[in-house]
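Asks: Chains A and B supply the protein sequences, listed in that same order. Numbering of the first sequence is given in the working numbering, commencing with residue 8 and proceeding in unit increments. Numbering of the second sequence is given in the working numbering, commencing with residue 8 and proceeding in unit increments. C-beta atoms are modelled at their ideal positions from N, C-alpha and C, and glycine is treated no differently.
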Amino acid sequence: MFDIIGKRRWFYVFSALIMIPGLIFLLMTPFSGGQVGLQFSIDFTGGTVWEVHFRDQTPTPAQVRQVLAEQELDGSVALTTSGDRQYVLIRTEQIGLADFPEPTASPAASPGGSPAASPGSSPAASPAVSPDQSPATSPGASPSVSPSPAGASPEPSPGSGSGVVLPTEGRLAELAEALQARFGPIDEVRQEANIGPIISAELAQQALVLIVLGSIGILGWMTFRFRDARMGAVAIVALLHDVIVVLGIFAILGTLMGLQIDALFVTAMLTVIGFSVHDTIVVFDRVRENRVRHAGEPFAAIVNHSLLQTLGRSLNTSITTVLVLLALLLFGSDATRAFIFAMVIGIISGTYSSIFNASALLVTWHEWSEKRRQREFASVHSR
Amino acid sequence: MRRILPILIVAIGLASLAVNVLTLPRPFSEDPCAPPGVTTGCIETRLGLDLQGGLRGEYQAVGTADRPVNRENLADVRTIIENRINQYGVAEPIVQTQGSDRIVVEIPGVANPQDVRDLIGSTGLLQFVPIPAGTPGIGTGVRIPPELPELFRGDDLEVARPGFDPQGRRAVEFELTAAGAQAFATYTSQNVGNQFAIVLDGEVISAPVIQNPITGGRGIITGSFTSAEVTNLVTVLRFGALPLEIEEVSFSQISATLGLDFLRQSVLAGGIGIILVLIFMIIHYRLPGLIACLALIFYAMVVFAIFRLVPVTLTLAGVAAFVLSVGMAVDANILIFERTKEELRSGKTLFTAIEAGFNRAWNSIFDSNVSSIITAAILFYFGSAVIRGFALVLIIGVLMSMFTAITLSRELLRWVVRQRWARRAWLFGVNDDEFTMATPRTRTREVNAGV
């Protein structure tokens, strides 16, 4: 029978070897000014993404960057997409949000004494206001002719003409103009996204809150079901292992290939957490069952046996899930590629950690506390 | 119970099939079931903006000391914006509040972002500003000098409607609240002949001359208006008064072609993934695997029907969650079959092994799925829109996967093992000598197989 638990030190070393490079890259994220470590998308940093198609040509990224630099948008990214219809994707600081006119709130600053210099003070040609016809206060409802009011009549025409709709106000409009002047007309806007600082700050905060709350929920549930806080705690350690592995790999690939993490990545992370705990619970469930059945056996043997019994299920479930994810990865859309990739890594790591780390840690913890108890027992008796 | 279950399963299956393929009116909906594109009461698949294209803007309400953001005035802002957007005449715009201080506007299909923003942005602050005598150049379209204090705001305006002056010309009638009426009475009594301005977002909409003191809180704005101008002025007076300022915090637009690309890719990839799983299950688990496949197809059909009924808006993340939940549904079956195999190997008969497989695997299925539901519920409760969609799909998926595993898979397997042709060892992936058909041979095997 294969002894997984007996070799647990090797698996700890293996996990450490996987995690340490990723951790180094992760920890460098805040100190390297964005050069090394996790690369955040505009969902986290705020910014504008604009994907367009030029009718006459596809400019190279370098050409587009030059225009961006002229618009004082240094540090922007420009890419051309693959496929038979090539789009130019531009990523900049946030330049596309509408700036609504700030209503002049009334600070009641000025006294009434404004310089009454002008002669023809109130032109006769203006609308007039008067009491409604009914009251007797003043019957002379005076006429007064005027040009039309209603300047801000909101009845825009949908689509405004045919074809493409380009921004007409703000810095994005200036950029659109500059690009068209250089590369000819833009005939399609594939997507536009503007994320303001409020939303992006919220996402990062929300991600942390969700991961912490999710962990607490899992810990509570496992403690309740297994009547053993240790199992919950170990499951959380395995879960942290998986989170660090995925984040680490994204930090490394982000540094090398510019792989970004976005809002969907947070979702992927949470799914990975769910799956990791799923696997761990199935093993622990068997441990619980075998503990009753084979009472008296060494704990390490019980855990090892439970692991082997559930190994088939763990591997087969991972294989089927990874199969689905690989299909999504290969045939799915670009928009979800990073998301799916995160899940593939996370689910493989989750299976690994539930087999080789969570159960092993449970044994380590158990033996450690046994030893301590024996030592206490011995010291009490030696007195 | 044994008798009812198969009937129930068939009924659910048929109902799901009907919901998925037929065009049915939505229950409890007042809208008629009309052709797609119009607001309909049909049961239909709801696609998120990322799968059908459209634009989405998110707006933050900003309160002030005397005007904090609360549920009522946020709802007012929502209604006003919705009225404005509806004038634009696009199909099925959605305007909803989100959290305690956000408004989200979603418009599927093609729309001009600038127009939409003009509509939303113009629904700003309506003020009534007295113009001191001798101030030059105040007229329609002029920006009001910021140092002029307001007399009162748009929400002191109770009623605004089109009307006529005594000469029978078009005019706009208005009524003020008690507070507004008093302020207006005092002011107009002292300032006959002066102008006051109706100001929307700092821009003068109309600057009538005060003809007579207005003491009753009811007044009339006259001028040579066209009918459209009257309507516009009334609309501004009525809906122009947003009780709060708003700020655009995110805005995105996806073209319909890109949405369609996303949809096609997701469906193709999801389909290929699920077929791969089915093949794997049949090869690896043989007869039980085939049963699991039937259960999975049933599962997918029911879940999709629930999505259409609820309705759950399917987004890119939602499709991924659905595919993932298929993975979890398979997991339940795998747990059961692995356990059944084990029980077979420990010397149990086929019948008892299957029952034991289900019963023993149930603990694991329940524990692990509840933990998934707990995390998904946390996501749903605290997450943003994208995350919530994902979580909802996952919750429905996990619940239904538990249901199909313990009903359909179990009933089918029970039925199959009663058939003579099915009682072969290789169909269950075990050796001949591990396979005990009728009665348990001995108890010794079980002891040997122990730890």
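(1) In angstroms, rounded to a whole number, what distance separates the CA positions of G224(B) and V241(B)?
(2) In the structure shown, what three-state DSSP assignment does H301(A) receive?
(3) Runs of 3 residues minimum, wholly inside the segment 250-278 of chain B: which ones carry the beta strand (DSSP E) assignment?
(4) From A432(B) to G354(B), what does the alpha carbon distance come to, in whole angstroms?
(5) Who are the neighbours of H373(A) on chain B, taking C-beta pairs under 8 Å?
(6) Can you give the Cα-Cα distance for H60(A) and N77(B), rounded to whole angstroms?
(7) Quick one: which chain A residues come within Cβ less than 7 Å of S379(B)?
(8) Using DSSP with H/G/I as helix, E/B as strand and the rest coil, what is S213(B)?
(9) Strictly below 8 Å CB to CB, what residues from chain B border A365(A)?
(10) Using only the alpha-carbon positions, how far apart do V136(B) and R177(B) sit?
(11) Inspect the beta-carbon positions of G203(A) and V256(B) and report whether they are closer than 7 Å.
(12) Does any CB atom of chain B fall closer than 7 Å to the CB of G41(A)?
(13) Buried or exposed: A185(B), going by 16 or more other Cβ atoms within 10 Å of its Cβ?
(14) I206(A) versus chain B: which residues are under 8 Å apart at the beta carbon?
(15) Can you tell me the Cβ-Cβ gap for Q59(B) and R109(B), rounded? I've got them flagged as a contact below 8 Å.
(16) Expressed to the nearest angstrom, what Euclidean distance is found between the alpha-carbon atoms of E182(B) and Q189(B)?
(17) Rounded to whole angstroms, what's the CA-CA distance from F346(A) to S107(B)? Just pull it up for me.
(18) Just the C-alpha distance for T356(B) and G296(B), rounded to the nearest angstrom, thanks.
(19) Measure the CB-CB distance between I193(A) and F282(A) and report whether it falls below 7 Å.
(20) What does S273(B) reach in chain A if we use C-beta pairs closer than 7 Å?
(21) My output table needs one value for S155(A): the three-state DSSP class, helix, strand or coil.
(22) With a threshold of 6 Å (Cβ to nearest heavy atom), would I355(A) be considered close to the ligand ZN?
(23) I'd like to confirm the pairing. Which residues does DSSP put opposite C49(B) in its beta bridges?
(24) Pairing CB atoms from the segment 279-293 of chain A with CB atoms from the segment 227-247 of chain A, are three or more of them under 8 Å?
(25) Return the CA-CA distance between V112(B) and Q103(B), expressed in angstroms with no decimal places.
(26) To which residues does DSSP link L54(B) through a beta bridge?
(27) Return helix, strand or coil for Y94(A), following the three-state DSSP convention.
(28) Output, in sequence order along the chain, the residues in the segment 321-336 of chain B whose CB is closer than 9 Å to any CB in chain A.
(29) Look up I202(A) in the DSSP assignment and say whether it is helix, strand or coil.
(30) Using a threshold of 7 Å, state whether the C-beta atoms of V330(B) and V84(A) are closer than that.
(31) Identify, in the order they occur along the chain, each residue of the same chain with its Cβ nearer than 7 Å to the Cβ of G436(B), setting aside the five sequence neighbours on each side.
(32) Only counting the same chain, and skipping five residues up and downstream in sequence, which positions put a Cβ closer than 6 Å to that of P215(B)?
(33) In the DSSP assignment, what residue or residues form a beta bridge with L183(B)?
(34) Ignoring anything shorter than 3 residues, give me the beta strand (DSSP E) runs that lie fully in the segment 189-248 of chain A, in order along the chain.
(35) Is any beta-carbon of chain B found at less than 7 Å from that of G353(A)?
(36) Would you mind telling me which residues of chain D sit closer than 7 Å to S416(B), beta carbon to beta carbon, in chain order?
Replies: Well, looking at it:
(1) 17 Å
(2) Looking at H301(A) - three-state DSSP - the assignment turns out to be coil, as it is neither helix nor strand.
(3) 252-261
(4) 13 Å
(5) Chain B residues near H373(A): none, gap ~17 Å exceeds 8 Å.
(6) 44 Å
(7) G281 and H285
(8) If DSSP states are grouped into helix, strand and coil, S213(B) belongs with the strands.
(9) Near A365(A) there are no residues of chain B at all, since even the closest Cβ is about 13 Å away, more than 8 Å.
(10) Inter-residue distance for V136(B) and R177(B) is about 23 Å (C-alpha atoms, whole angstroms).
(11) yes
(12) no
(13) exposed
(14) The contacting residues are E65, V256 and S257.
(15) Not a contact, Cβ separation roughly 23 Å.
(16) 12 Å
(17) A straight line joining the alpha-carbon of F346(A) with that of S107(B) spans about 29 Å.
(18) 19 Å
(19) no
(20) G339 and S340
(21) Residue confidence is low: S155(A) scores 30 on pLDDT, short of 50, so the model does not pin down where it sits. Its coordinate-derived value is still stated next. Three-state result, S155(A): coil.
(22) Inclusion of the ligand ZN in the displayed structure is not the case, the ligand content being empty and no account of it being possible.
(23) P32(B)
(24) yes
(25) 7 Å
(26) L321(B)
(27) coil
(28) L323, A324, V326, A327, A328, V330, L331, V333, G334 and M335
(29) strand
(30) Not in contact: V330(B) and V84(A) (Cβ atoms no closer than 7 Å).
(31) Y292, R293 and K348
(32) I228
(33) L164(B)
(34) If we require 3 residues or more, the beta strand (DSSP E) runs fully inside the segment 189-248 of chain A come out as 193-202.
(35) It does not; no Cβ of chain B falls within 7 Å.
(36) Included in the structure are the protein chains A and B, with no chain D among them.
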